[in-house]
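Numbering that gives the first Met the number 0 applies: residue 0 is where the sequence shown begins, and numbers increase by one.
Cβ atoms here follow ideal geometry from the backbone N, Cα and C, with glycine treated the same way.
A quick note: this is a predicted structure, and the numbers were derived from the prediction, not measured.
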Amino acid sequence: MEELLEVLQLDDPPDPQHLSDSSLEDEVMLLASDSPNKTTVRQRTMRIHGLIGKRSILVLIDSGANCSFVDAALVQELQIPTQLIPNASYVIAGGDTLTSSTMAPKLTWWTQGHTFVQDMKVLPLGCYDLIVGADWLEEHSPMWVHWHKKWMKFTHDGRRITLRGV
């Protein structure tokens, strides 16, 4: 996919001088999967800063997570509306399993001048306020992603945008 977008020359990549390196660049804090018996493969991640209302949040974009999550403590702190869902179990880094029985429907969050709305399962994430996974990535595909330099380009609300990681 990246090669196709490169051939089409949709946009020049962002200036690398505006990107910051991270000592946690390749560290995976959470791997969410509903199939605990599958072999773990190295997924790609990127961290971005954002907002829910006026509250600053840290978001992990995780290609290895099959769906998106919001931290249970944040849900409680901001009194984000939730609804019950059938129990679903997810394997986190380290092999432990967490179960979610609630979701935050149509959770609105903002980053880098853009607003996103996503249904998110509620889990105690700890290190991150949101994890956006494959459901979010697929919804915004096609994408042009440079995981090492921590930027991604895609069309959102009819405009080509670039998100830069931290």
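Looking at the secondary structure, which residues open and close the beta strand (DSSP E) in which Val144 lies?
For Val144, the enclosing beta strand (DSSP E) starts and ends at Met142 to His145.
Quick one: is Thr107 near chain B, going by C-beta distance under 9 angstroms?
Annotation note: the requested chain B is absent from the structure, which comprises a single protein chain.
Simplified DSSP assignment, three categories, for Ala133
Helix at Ala133.
Classify Ser22 as buried or exposed, calling it buried when 16 or more other Cβ atoms lie within 10 Å of its own Cβ.
Annotation note: pLDDT 34 at Ser22 (below 50); position unreliable, coordinate value reported separately. Burial call: exposed.
Is it true that the CB of Ser67 sits closer than 9 angstroms to the CB of Pro85?
Not closer than 9 angstroms, so no.
Going by the CB atoms, is the gap between Val144 and Arg43 shorter than 9 angstroms?
The answer is yes: Cβ separation under 9 angstroms.
By the DSSP assignment, the beta strand (DSSP E) with Ala71 in it spans what residues?
Careful: Ala71 lies outside any beta strand (DSSP E), inside the alpha helix (DSSP H) at Ala71 to Leu77.
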